[in-house]
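A.B. asks: Here the protein sequences line up with chains P and E, keeping their order. Read left to right, the first sequence gives residues 15 to 131 (this note's numbering). Read left to right, the second sequence gives residues 13 to 122 (this note's numbering). Even for Gly, the Cβ is constructed at its ideal location relative to N, Cα and C. Below: one structure in structure tokens.
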Amino acid sequence: GAVVSQHPSWVICKSGTSVKIECRSLDFQATTMFWYRQFPKQSLMLMATSNEGSKATYEQGVEKDKFLINHASLTLSTLTVTSAHPEDSSFYICSARDLGGPYNEQFFGPGTRLTVL
Amino acid sequence: DAKTTQPNSMESNEEEPVHLPCNHSTISGTDYIHWYRQLPSQGPEYVIHGLTSNVNNRMASLAIAEDRKSSTLILHRATLRDAAVYYCILRREYGNKLVFGAGTILRVKS
Numbered sequence: 015g016a017v018v019s020q021h022p023s024w025v026i027c028k029s030g031t032s033v034k035i036e037c038r039s040l041d042f043q044a045t046t047m048f049w050y051r052q053f054p055k056q057s058l059m060l061m062a063t064s065n066e067g068s069k070a071t072y073e074q075g076v077e078k079d080k081f082l083i084n085h086a087s088l089t090l091s092t093l094t095v096t097s098a099h100p101e102d103s104s105f106y107i108c109s110a111r112d113l114g115g116p117y118n119e120q121f122f123g124p125g126t127r128l129t130v131l
Numbered sequence: 013d014a015k016t017t018q019p020n021s022m023e024s025n026e027e028e029p030v031h032l033p034c035n036h037s038t039i040s041g042t043d044y045i046h047w048y049r050q051l052p053s054q055g056p057e058y059v060i061h062g063l064t065s066n067v068n069n070r071m072a073s074l075a076i077a078e079d080r081k082s083s084t085l086i087l088h089r090a091t092l093r094d095a096a097v098y099y100c101i102l103r104r105e106y107g108n109k110l111v112f113g114a115g116t117i118l119r120v121k122s
């Protein structure tokens, strides 16, 4: 299947700083990428849908000014957690749709674990 | 998107088949049934999907009820590496997003 990478795989930061997480589709072009967040022992929660060249669509309850999403190319989307606080500590997972595939399938990255001190 | 219902957890012995059920009584005609699994500290991994007919691939089989209101993911011989959370998700054909439910925690005993 198609490969989606994330960088970094883990990050520790101080409260009040901003953190950027990159999501790349390595062997396919993705006009649409998704960002999820997962707290311990919980399921994935969709945060936003990122479309190349346009503004992201955020799910209800997700602060768009806090979680900045940029999808500047067909293979790269970034999530920036601005002014991070301990409650933002979570596992962030991106996903990309392979429009070139037969089933419009969605592939997931390995996740980024964010710890805010 | 229509909702799915799965058991919270299941247990299996290694080398034995596992049947993971999923109920989706409000499924619509254009909803595909997707299964993903998530190993600890990893992103979800695609397992299989189908619409009406049963499906087989190298990882698993998907059995879909005739009325499509339920489906079963079949792992033919469970291994310790199959221990994961399994998610059954409905998505419209060429639908926009996957919405995850609670999933089933599969434990495999050696």
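Is the stretch 104 to 122 of chain P touching the stretch 44 to 57 of chain P in the sense that three or more CB pairs, one from each, lie closer than 8 angstroms?
C.D. replies: Output reads yes: the stretch 104 to 122 of chain P touches the stretch 44 to 57 of chain P.
A.B. asks: How would you label P/I26, buried or exposed, when you count the other beta carbons within 10 angstroms and need 16 or more for buried?
C.D. replies: Per the 10 Å Cβ criterion, exposed.
A.B. asks: So which of E/R80, E/N20, E/L85 has the shortest CA-CA distance to E/N69?
C.D. replies: Checked all of E/R80, E/N20, E/L85; the closest Cα to E/N69 is E/L85.
A.B. asks: Once DSSP output is grouped into helix, strand and coil, what is the label at P/D112?
C.D. replies: Three-state result, P/D112: coil.
A.B. asks: May I ask you to list, following chain order, the residues of the stretch 47 to 73 of chain P that have a beta carbon less than 8 angstroms from some beta carbon of chain E?
C.D. replies: Result list: F48, Y50, S57, L58, M59, L60, T63.
A.B. asks: Is it true that the CB of P/S19 sits closer than 8 angstroms to the CB of P/T46?
C.D. replies: No, the pair does not count as a contact, with Cβ atoms beyond the cut-off.
A.B. asks: How close, in whole Å, do the beta carbons of E/L32 and E/Y98 come, if the pair is a contact with beta carbons under 8 angstroms?
C.D. replies: Going by Cβ atoms, the distance from E/L32 to E/Y98 rounds to 5 angstroms, so yes, they are a contact pair.
A.B. asks: Got a sec? Which residues, its chain only, sit under 8 angstroms from E/H36 by beta carbon, not counting five neighbours each side?
C.D. replies: Answer for E/H36: A14, K15, T16, T17, D43, I45, R80, K81, S82, S83, C100, L102, listed in chain order.
A.B. asks: Once the 5 residues before and after E/L92 are set aside, which same chain residues still bring their CB inside 8 angstroms of it?
C.D. replies: Once the five neighbours on either side are set aside, the close Cβ partners of E/L92 are E26, V120, S122.
A.B. asks: How would you list, in chain order, the residues of chain E whose beta-carbon sits under 7 angstroms from the beta-carbon of P/Q120?
C.D. replies: Within 7 angstroms Cβ-Cβ: L110.
A.B. asks: Candidates P/R38, P/S29, P/Q56: which alpha carbon is nearest E/G115's?
C.D. replies: That would be P/Q56, whose Cα lies nearest to the Cα of E/G115.
A.B. asks: Across the stretch 69 to 79 of chain P and the stretch 24 to 39 of chain P, are there enough close Cβ pairs to call them in contact, namely three or more that are closer than 8 angstroms?
C.D. replies: With the cut-off at 8 angstroms, the stretch 69 to 79 of chain P and the stretch 24 to 39 of chain P do not touch.
A.B. asks: Which residues, in chain order, does the stretch 14 to 42 of chain E contribute to contact with chain B at a C-beta distance below 9 angstroms?
C.D. replies: You won't find chain B in this structure, because its protein chains are P and E.
A.B. asks: Output yes or no for whether 8 angstroms exceeds the beta carbon distance between P/F48 and P/L40.
C.D. replies: Result no, Cβ atoms of P/F48 and P/L40 do not sit closer than 8 angstroms.
A.B. asks: Under 8 angstroms by Cβ, that's how I've got P/L113 and P/I35 pegged, so tell me the actual separation to the nearest angstrom.
C.D. replies: The pair is not a contact, with the Cβ atoms about 23 angstroms apart (cut-off 8 angstroms).
A.B. asks: Starting from the Cα of P/L128, find the closest Cα among P/L88, P/A16, P/S23 and give me that residue.
C.D. replies: Per the Cα distances, P/S23.
A.B. asks: What do you get for P/K69, buried or exposed, if any count of 16 or more other CB atoms within 10 angstroms of its CB means buried?
C.D. replies: The residue in question, P/K69, is exposed, as its Cβ has fewer than 16 Cβ neighbours within 10 Å.
A.B. asks: Please list the partners that P/I107 has in chain E, where partner means a Cβ-to-Cβ separation under 8 angstroms.
C.D. replies: Those are G55, P56, listed as they occur along chain E.
A.B. asks: Going along chain E, which residues have a C-beta under 7 angstroms from P/P124?
C.D. replies: Per Cβ cutoff of 7 angstroms: Q54, G55.
A.B. asks: Taking Cβ positions only, does E/G62 come closer than 8 angstroms to chain P?
C.D. replies: No, its Cβ sits nowhere closer than 8 angstroms to a Cβ of chain P.
A.B. asks: For E/A114, decide whether its Cβ has a neighbour in chain P, counting only Cβ atoms nearer than 8 angstroms.
C.D. replies: Answer yes: the Cβ-Cβ gap between E/A114 and chain P drops below 8 angstroms somewhere.
A.B. asks: Pop quiz: E/A72 and E/I60 are said to be a contact at Cβ under 8 angstroms. What is the actual Cβ separation, rounded to whole angstroms?
C.D. replies: 5 angstroms between Cβ atoms; contact.
A.B. asks: Measure the beta-carbon distance from P/Q43 to P/T89 and round it to whole angstroms, keeping in mind my assumption that it falls under 8 angstroms.
C.D. replies: Yes, P/Q43 and P/T89 are in contact; Cβ-Cβ is about 6 angstroms, under 8 angstroms.
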